[in-house]
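**Q**
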Amino acid sequence: MGSFVKIEWLKTGINYEWYPALNYSVGINHIINPLFLRNVESCLSDSLKRARRVIILAREEAKLYRHEYLGTEHILQGVIKDGGGIAVAIVQKSGVDLTQLKKELEKSLPRSSNSLIIGDIPFTSRAKKVLEFAVEEARSLNHNYIGTEHLLLGLLKEKEGVACRVLNSFGMFFDDVREKIVEMFKEPTEANREVGKTQRWMNSVET
């Protein structure tokens with residue numbers, strides 16, 4: 386991962402979190418401007434849009450609980466609250482009930498007595514590692530986008546995070562989940578066709 390991508394990825398603003406992922410997808414030397422970003426975003430499949438939505442929902446969850454940080458538990462909350470995408474499909478394929486997962490996770494999300502949180506909420510160091518791991522897993526799987534499945538892998542790879550401990554308690558572990566994702570991409574599902582559209586479009590931008 387290039388230094389620019391790594392630095393920008395860790396910034397707390399939504400645009401800076403995800404637009405560098407687009408920069409990684411289309412080539413590190415591509416000059417990004419607002420018009421280009423709007424054009425790119427309009428062409429993206431649901432995969433990347435849904436992953437961005439998960440981060441937005443994670444921030445909303447942190448604010449709801451009046452937490453002054455965004456941790457791995459909030460990212461997992463975002464995945465659950467979104468209710469769709471490949472990550473949720475993998476969770477369900479693993480035999481995990483989303484309602485039960487949500488209840489267990491909420492035990493780790495006590496509401497703070499802090500006043501209402503306004504403005505940006507910084508990621509914890511572990512949450513930042515989840516995002517880094519998500520990028521690494523996307524690259525290792527040769528995926529030219531960052532999707533919810535990569536976030537799920539990132540959550541499981543950051544073993545010290547609250548999210549990983551909760552997922553492990555439901556029998557979800559990194560190696561098994563990664564294998565399920567690989568197998569899922571071999572199946573001719575609608576999700577795979579959507580991912581294929583994204584990869585073909587990104588490849589056309591590269592060339």
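In this note's numbering, the protein residues as written are 386 to 592. For each residue, glycine too, the CB sits at the ideal point set by N, CA and C.
Skipping 5 residues on each side, what residues in its chain have a beta carbon closer than 6 Å to that of Glu568?
**A** There are no such residues.
**Q** Which residues in the same chain have their Cβ closer than 7 Å to the Cβ of Ile531, if we skip the five residues on either side of it in sequence?
**A** Taken in chain order, the residues that qualify are Ala406, Leu433, Ala436, Ala519, Val520 and Ala523.
**Q** Sort out for me which residues DSSP pairs Leu449 with in a bridge.
**A** For Leu449, which the question treats as bridged, DSSP gives no partner whatsoever.
**Q** Pick helix, strand or coil for Phe558, following the three-state DSSP scheme.
**A** Looking at Phe558 - three-state DSSP - the assignment turns out to be coil, as it is neither helix nor strand.
**Q** Would you list the residues sitting across from Leu455 in a DSSP beta bridge?
**A** Beta-bridge pairing links Leu455 to Phe508.
**Q** Taking only the alpha-carbon atoms, compute the straight-line gap between Cys612 and Arg451 and give it to the nearest angstrom.
**A** Examination of residue 612 is not possible in this model, given that the chain is present from 386 through 592 alone.
**Q** Identify whether Glu491 lies in helix, strand or coil by the three-state DSSP scheme.
**A** In the structure shown, Glu491 sits in a helix (DSSP, three-state: H, G or I).
**Q** State the DSSP-derived secondary structure class of Val481, mapped to helix, strand or coil.
**A** Correct three-state label for Val481: coil.
**Q** Kindly indicate which three-state DSSP category Arg524 falls into: helix, strand or coil?
**A** It is helical.
**Q** Looking at the structure shown, is Lys542 part of a helix, part of a strand, or coil, going by DSSP?
**A** It is helical.
**Q** Whole angstroms is fine: what's the gap from Gly463's alpha carbon to Gly480's?
**A** Using only the alpha carbons, I get a separation of about 19 Å.
**Q** Around the Cβ of Leu529, are there at least 16 other Cβ atoms within 10 angstroms (buried) or fewer (exposed)?
**A** Per the sequence shown, the amino acid found at residue 529 is Asn instead of Leu. Counting Cβ neighbours within 10 Å, Asn529 comes out buried, since at least 16 surround it.
**Q** Quick check: the Cα distance between Gly470 and Asp505, rounded to an integer number of angstroms?
**A** Approximately 26 Å, taken between the alpha carbons.
**Q** Would the beta-carbon of Ile460 fall within 9 Å of that of Ile440?
**A** Yes, Cβ-Cβ distance for Ile460 and Ile440 is below 9 Å.
**Q** Can you list, in chain order, the residues of its chain whose CB lies under 7 Å from that of Leu537, leaving out five sequence neighbours each side?
**A** Closer than 7 Å at the Cβ level, and outside the excluded window around Leu537, lie Val464, Ala472, Ile475 and Val562.
**Q** Relative to the C-alpha of Gly492, which residue among Glu458, Ser525 and Ile566 is closest?
**A** One point to set straight first is that residue 492 is Lys, not Gly, in the sequence displayed. That would be Glu458, whose Cα lies nearest to the Cα of Lys492.
**Q** In whole angstroms, what is the alpha-carbon distance linking Leu490 and Val551?
**A** Between Leu490 and Val551, the C-alpha separation is close to 6 Å.
**Q** Pick out whichever of Phe558, Thr533, Ser554 and Asp482 has its Cα sitting closest to the Cα of Lys542.
**A** It is Phe558 whose Cα lies nearest to the Cα of Lys542.
**Q** Can you tell which of Leu442, Asp467 and Gln477 has the C-alpha that lies nearest to the C-alpha of Gly456?
**A** Gly456 has its Cα closest to that of Leu442, out of Leu442, Asp467 and Gln477.
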